[in-house]
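All residue numbers for the sequence shown refer to our numbering, where the first residue is 8 and numbers rise by one. Just so you know, even glycine gets a beta-carbon here, dropped at the ideal spot from N, CA and C. Encoded as structure tokens, the structure appears first; notes follow it.
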Amino acid sequence: MVWSLENWDGSWLVIPDLHGHGARLRAALDVADRTFPAARLIFLGDLIDDSPRRREARRAATNPGGADDSREVLATVRTLVESGRAEVLLGNHEAMAAAAVLDDDRALMNLWWKVGGREAAASYGWNGKGDAGALAGDLRWLREHGRLWLEVGPPEAQVLFSHATRPGPKRLASGKNRAADLWPSDADDDVVWFPLALPGDPSTRRLHPLPGGFRASVHGHMETPDLHQIPDDEGKAALQIDLHPGKGKLCLLHIGGDGEMSPHSRQV
């Protein structure tokens with residue numbers, strides 16, 4: 008089925024962190040095309056960087072500097088966004104990469120290089136020095152088109168999406184939800200960086216409340232064994248859907264046109 012906004016049924020399929028794994032992206036798009044062909048897509052961020060703990064979880068040989076699939080993933084997502092089928096959120100790995108490559112932020116460059124940036128850069132044929140070429144172009148595009156949060160669904164049943172934690176009420180009211188709003192001084196913003204919690208973690212940070220009319224929020228960023236829900240003080244859950252890759256599963260979340268949420272698990 009060739010995608011067209013005319014065929015959109017008002018539903019969304021939410022895709023968690025891909026981290027430079029082409030197989031995870033292909034599995035997600037297979038579910039989208041076979042099961043939810045009339046849905047639009049939401050990518051929760053962290054599209055790039057094959058981090059060491061993910062390689063370990065996959066029991067693959069560590070290969071520092073070897074190219075991952077970041078360029079393939081980002082190119083595919085960019086095409087989907089430009090066609091109108093998808094929206095993309097900024098993750099902390101994209102924030103690191105953009106600050107490192109576009110702003111020459113040496114501190115974030117050092118961090119990014121250690122947590123998968125070297126492999127992501129290698130997918131573009133860049134060694135960290137000189138003109139970053141196509142990588143810089145894709146990061147500029149992400150800075151322009153990526154969002155910090157997204158609100159979808161009908162009135163009284165809306166769902167909020169962000170990579171890490173929820174934006175506070177003042178942030179929501181500001182409407183400044185574009186990735187470009189982080190720069191030049193806020194590349195370490197909580198909405199992109201601050202984790203919610205792992206199951207059983209007693210240090211769970213109190214969630215910002217959701218506005219009236221919202222039923223839940225959905226996040227990536229923190230790997231969990233299964234879909235994990237954290238209730239706020241009003242009983243409205245924050246859902247973490249980024250499953251640990253050691254589980255060999257990808258958790259996708261379908262949001263119907265009526266705001267109803269249903270998880271779908273896929274082996275990877």
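Less than 8 Å between the beta carbons of residue i and residue j, yes or no?
| i | j | result |
| --- | --- | --- |
| Trp148 | Ala139 | no |
| Pro23 | Ile262 | no |
| Ala186 | Arg154 | yes |
| Val199 | Asn99 | yes |
| Gly27 | Glu158 | no |
| Ala164 | Gly242 | no |
| Leu36 | Leu54 | no |
| Ala102 | Leu48 | no |
| His152 | Val108 | no |
| Tyr131 | Arg85 | no |
| Arg61 | Pro252 | yes |
Who are the Cβ neighbours of residue i in its own chain at under 8 Å, not counting the five residues just before and after it?
| i | result |
| --- | --- |
| Ala244 | Ala223, Ser224, Gln236, Ile237 and Pro238 |
| Phe43 | Ser18, Leu20 and His261 |
| Val38 | Leu20, Leu259, His271 and Arg273 |
To which residues of the same chain is residue i closer than 7 Å at the C-beta, ignoring the five residues directly before and after it?
| i | result |
| --- | --- |
| Gln274 | Gly255 and Lys256 |
| Leu118 | Met103 |
Taking all protein chains shown into account, decide if residue i is buried (16 or more other Cβ within 10 angstroms of its Cβ) or exposed.
| i | result |
| --- | --- |
| Asp56 | buried |
| Pro174 | buried |
| Glu13 | exposed |
| Asp80 | Before going further, note that residue 80 is Val rather than Asp in the sequence given. Looking at its Cβ environment, which holds 16 or more other Cβ atoms inside 10 Å, Val80 is buried. |
| Arg113 | exposed |
| Thr83 | buried |
| Ser269 | exposed |
| Gly91 | exposed |
| Pro218 | exposed |
| Glu230 | buried |
Residue i bridges to which residues according to DSSP?
| i | result |
| --- | --- |
| Trp156 | Ser169 |
| Phe221 | Gln165 |
| Ser272 | Cys258 |
Below 6 Å CB to CB, which residues in the same chain sit around residue i once its five sequence neighbours on both sides are set aside?
| i | result |
| --- | --- |
| Asp3 | Since the first residue of the chain shown is 8 and the last is 275, residue 3 is not available in this structure. |
| Ala64 | Pro252 and Gly253 |
Could you say if the segment 161-172 and the segment 221-235 meet the contact criterion of at least three C-beta pairs nearer than 8 Å? yes
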